[in-house]
Amino acid sequence: MQARIETIRAGTAPELVWLVEHPPLYTSGTSAKAEDLTDPQRFPTFSAGRGGQWTYHGPGQRVAYTMLDLNRPHGIVPARDIRGLVHGLEEWLIRAVATFGINGERREGRVGIWVTDPRTGAEAKIGALGVRVTRWVSWHGVALNVAPDLGHFGGIVPCGISAHGVTSLADQGVAVSMAEADAALRSCWADIFGAEPIEGE
26 MQARIETIRA
36 GTAPELVWLV
46 EHPPLYTSGT
56 SAKAEDLTDP
66 QRFPTFSAGR
76 GGQWTYHGPG
86 QRVAYTMLDL
96 NRPHGIVPAR
106 DIRGLVHGLE
116 EWLIRAVATF
126 GINGERREGR
136 VGIWVTDPRT
146 GAEAKIGALG
156 VRVTRWVSWH
166 GVALNVAPDL
176 GHFGGIVPCG
186 ISAHGVTSLA
196 DQGVAVSMAE
206 ADAALRSCWA
216 DIFGAEPIEG
226 E
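In my numbering, each residue's number is its place in the sequence shown (first place is 1) plus 25.
Right, here's the structure in full:
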């Protein structure tokens, strides 16, 4: 990813969004607290260099790494506007889950996309966000919980928030393949960011 953003900055490679699926692992952002890694032996851990705190990546979760040149506008996202980028990425996830009948929402003071479980009334995170911008090129991105093992989040305090849990499309009763999730992400991208630089796994 670092090599790619250097070529994007140099103008020798186009912007790109990678859609990937990781083996089970934990990553720490620049605000991560050591005590929030509650089971350090469970999975490999990596310092990601992105913003945010601890997160889990693993099978059944679609991670989208968004490498964009923010020196120019992208759809509704103005040039050199990091808040605009974050808002756009949030909106991307909200629209993607809406295609499956899920009402994803922002929460003031909390990063990510949240749903209210109709069975319990509890709030849980369905999509995470962690970005970094280096000399106006973005990297890292978002993670959508399609059908991961939610128990794997138990080795961390996800994003430093212990008061609310995590959920997935599958946990909300929506059976979606990764290909279907990708199709939703692709179909919603252009409405927010314009051109579609998305590349598969």
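The C-beta atom is built at its ideal place from N, Cα and C for all residues, glycine as well. This structure is a prediction, so every number in the text was calculated from the model and none was measured.
Asked, Found
"Run of the beta strand (DSSP E) containing T25, from where it starts to where it stops", "Outside the shown range of the chain (26 to 226) lies residue 25, about which nothing can therefore be said."
"Counted within 10 angstroms of its Cβ, other Cβ atoms place P65 as buried (16 or more) or exposed", "exposed"
"Exposure label - R75; buried when at least 16 CB within 10 Å", "buried"
"Identified DSSP bridge partners for M92", "L41"
"Beta-bridge partners of E116, as assigned by DSSP", "Answer by DSSP bridge pairing: none, since E116 is not bridged."
"Whole-angstrom distance between V122 and P39, CA atom to CA atom", "27 Å"
"Pairwise C-alpha distance: Q78 and F125", "28 Å"
"Classification of S212 by the beta-carbon crowding that lies within 10 angstroms, buried from 16 upward", "exposed"
"beta-carbon G152 near the ligand ADP non-hydrogen atom, thresh 7 Å", "As presented, the structure is devoid of all ligands, the ligand ADP included, so that no description of it is given."
"Spatial distance of A147 from M203 (CA atoms)", "26 Å"
"8 Å Cβ cutoff, R105 in contact with chain C", "The displayed structure is made up of one protein chain only, and chain C is not part of it."
"Length of the line joining the Cα atoms of T32 and D207", "26 Å"
"Outcome for E226 when other beta-carbon atoms lying within 10 angstroms are tallied against a minimum of 16", "Below a pLDDT of 50, predicted positions are generally treated as unreliable, and E226, at 41, falls in that range; no measurement from the model is reported."
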